[in-house]
Amino acid sequence: MAYYRRNSSADRLARGLGWFSIGLGVAELVAGRRIARWMGMEEQAGLIRAYGAREVATGVGLLALGDARPWMWGRIAGDALDLATLASAHHDGNPRRENVATALGAVAAVTALDVLCTAMLHREEATAWTPHPDYSDRSGLPRPPVAMRGAAKDAPIPADMRTPDILRFEPA
Amino acid sequence: MKALVWHGTADIRYDTVPDPEIEQPRDAIVKVTSCAICGSDLHLYDHFMPGMEKGDIMGHEFMGEVVDVGAEAKSALKVGDRVVVPFTIWCGECDQCRRGNYSVCERSNRNKAMADKLFGHTTAGLFGYTHLTGGYPGGQAEYVRVPFADRTHVKIPDGLTDEQVLFLGDIFPTGWQAAAQCDIQPTDTVAIWGCGPVGQMTIRSAVLLGAKQVIAIDRVPERLSMAKAGGAITINFEEESVVERLNELTGGKGPEKCIDAVGMEAHATATLDSMYDRAKQALALESDRAHVLREMMYVCRPAGTLSIPGVYGGLIDKVPFGMSMNKGLTWRMGQTHVNRWTDDLLRRIQEGQIDPSFVITHTVGLADGPGMYQTFRDKRDGCIKVVLKP
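Chains A and B, in that order, give the protein sequences.
Note that this note's numbering has the first sequence beginning at 17, numbered continuously upward.
Note that this note's numbering has the second sequence beginning at 1154, numbered continuously upward.
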């Protein structure tokens, strides 16, 4: 079982990146064509929308308040995909080459933040790990459970909580 | 006096607040000797329950010594009495109290109009549990005012430690009622989701009430080891399929009785539907994560019973109600009618049939309470149950 410390600085950064992911993803889904045009990648509007869906999915995962690390690795993989896609559009034949360079810079900065956050989360896990305590001697019962089965058969069960006879499962 | 005070999401502080005083003739003031953090306090800590205000004193599991008694409570209590205080405040006179339905007392919620608006009709007042249930200051404090104290108490005889009886105020009767309202038969398989403090009490209750087999579902190894110690067959839902394992253990028929000891904060990343719920929660489109309810409805044997001691706060989504209707499932739920059970359970503790102190993993001073909220919420350091000593 993974341990994670909610509200630590790494955790808050991860959740913040989750909201960023959702915002960016929604923008890519809604304005995919306009973004593609801005970067001179008109033929790849569909791909940008697909990346938007990916961003939304990782954002939701990060906001789910569980272990953020798998989702952060998902973000880093997505960053790599984004960088590769943008690099392929950064050539002399693209009249919007400068816009692509701006986008590359922005993605690189976010990638650095993602890597930093992931490293912080892993460092936190390494320092927080403690062995699981063994509570196998904590029964709370004076004798082994098998010997205590039915010891309170005499307990008064109020009429409003009784199961009607017809719904009782008796042995065949 | 000192108390644990709610200031916002994940922000509980050890503050100085005014001492409580007798306000009504049926009040008493109790000097708290032991109190506990309940799993349902975490719903307030995470701010999933509406109706909290800055400055609210937390806590609804506490016990102590009576230090002042109002004029009309003197027939039942005197200074020096040692009492456990149930979390549900009850008047003992309204239609519901006369039927034993103490958790839906019609008179103890002083914010009745607010509850009427939200729930249709009010439920009982509760200690330290939002203004929807009266906004009564809670028991994670040095002193607490107990309204309707002539009824809202359990007198504790000499010879029992605080740790043995403290949980009579909530988790022990809650676990007991969860099992009792299943009306367990010797042929029943009882499946219990959640091995937190209420789940642990439910497991022991189901064993004592005579279930054929008790199955406990969780993901935290130390909680599963404690569940096993209490007589449960355990399922770690991160390592195996709950549905497949339950079917295997019941000859493909499903458990007759299913108990949700988890409530509104089901683990958020274990399943797709929980992630969907968490996303909707984050966007304020849903208040509760209903994964356990969905799974119980799916696996329960037709004509079986679902028992729900886990706390839900408001709206749930994508609940396959048709499945429940067609299978003819019986739903039983509600806050615990604590005093229905306490005489019987106190006797069982005195006779040594059960010692509820087994569940305590951490005992600290009240000042350390804020940190323990986080430890308990994050399930760190093997934390299952925290007792605070003011």
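C-beta atoms are modelled at their ideal positions from N, C-alpha and C, and glycine is treated no differently.
Computed from a prediction, not measured in an experiment: that's the story for all the values here.
- Of Asp-1164(B), Lys-1155(B) and Gln-1177(B), the smallest CA-CA separation from Val-1170(B) is found for Lys-1155(B).
- Taking 7 Å as the cut-off, the Cβ atoms of Ser-1358(B) and Ile-1412(B) do not count as close.
- Among the residues facing chain A, Ala-1359(B) is not included, as its CB has no counterpart in that chain under 7 Å away.
- Cα atoms of Glu-58(A) and Arg-49(A): separation of roughly 7 Å, rounded to the nearest angstrom.
- Following the DSSP letters along the chain, one finds His-1444(B) inside the alpha helix (DSSP H) bounded by residues 1444-1452.
- In the DSSP assignment, Gly-1161(B) is bridged to Asp-1164(B).
- Flagged as an interface residue toward chain A: Leu-1362(B), by a C-beta distance shorter than 7 Å.
- Put simply, the CB of Leu-183(A) is near chain B, with a gap under 7 Å to one of its CB atoms.
- Neighbours of Ile-1507(B) in chain A, taken as residues whose beta carbon is under 7 Å from its own, are Gly-156 and Leu-157 in chain order.
- Taking a beta-carbon distance threshold of 7 Å, Thr-179(A) counts as an interface residue toward chain B.
- Against chain A, a Cβ distance below 7 Å from Ser-1378(B) picks out Asp-150, Tyr-151 and Ser-152.
- Taking C-beta atoms under 8 Å as the contact rule, Asn-1262(B) and Thr-1276(B) qualify, at a distance of about 7 Å.
- Here Ile-1324(B) is actually not in contact with Val-1318(B); their C-beta atoms are around 12 Å apart, not less than 8 Å.
- Here Val-1540(B) is near Ile-1513(B), since their CB atoms are less than 7 Å apart.
- DSSP assignment within the stretch 103-171 of chain A yields the following whole alpha helix (DSSP H) runs of 4 residues or more, N-terminal first: 113-144 and 161-164.
- In the three-state reduction of the DSSP assignment, Leu-1482(B) falls in the coil class.
- Taking 9 Å as the Cβ-Cβ cut-off, the stretch 1454-1473 of chain B approaches chain A at Arg-1454, Ala-1456, Gly-1457 and Thr-1458, given in chain order.
- In its chain, beyond the 5 residues on either side, Arg-85, Met-88, Trp-89 and Ile-92 have a beta carbon closer than 7 Å to the beta carbon of Thr-134(A).
- For the 7 Å CB-CB criterion, Phe-1240(B) and Leu-1279(B) form a contact.
- In terms of Cβ geometry, Leu-102(A) and Ala-119(A) form a close pair [threshold 7 Å].
- Assigned with DSSP and collapsed to three states, Asn-1389(B) falls in strand.
- Looking at the DSSP output, Tyr-1429(B) shares a beta bridge with no other residue.
- Against chain B, the beta carbon of Gly-77(A) has neighbours under 7 Å at Met-1428, listed in chain order.
- At a cut-off of 7 Å between C-beta atoms, Met-55(A) does not count as an interface residue with respect to chain B.
- The stretch 148-158 of chain A and the stretch 1510-1528 of chain B touch, with three or more beta-carbon pairs separated by less than 8 Å.
- When DSSP states are grouped into helix, strand and coil, Val-1491(B) belongs to the helix group.
- For Phe-1201(B), no chain A residue has a C-beta closer than 9 Å to its own C-beta; the minimum C-beta separation is roughly 11 Å.
- Around the CB of Ser-104(A), fewer than 16 other CB atoms lie within 10 Å, so the residue is classed as exposed.
- For Gln-1353(B), the uninterrupted alpha helix (DSSP H) segment begins and ends at 1350-1361.
- Distance between Pro-180(A) and Ala-1333(B), taken at the CA atoms: about 14 Å.
- If only uninterrupted alpha helix (DSSP H) runs of at least 4 residues are considered, those enclosed by the stretch 1240-1269 of chain B are 1248-1251.
- Within 8 Å of the CB of Arg-91(A), no CB atom of chain B is found; the nearest one sits about 15 Å away.
- For the pair of segments examined, the stretch 1359-1377 of chain B was found not to touch the stretch 1475-1486 of chain B: the number of CB pairs separated by less than 8 Å stays below three.
- In the structure shown, Gly-77(A) adopts helical secondary structure according to DSSP, grouped into three states.
- For Gly-1405(B), the secondary structure class from DSSP, reduced to helix, strand or coil, is coil.
- The Cβ-Cβ distance between His-1490(B) and Ser-1256(B) falls below 7 Å.
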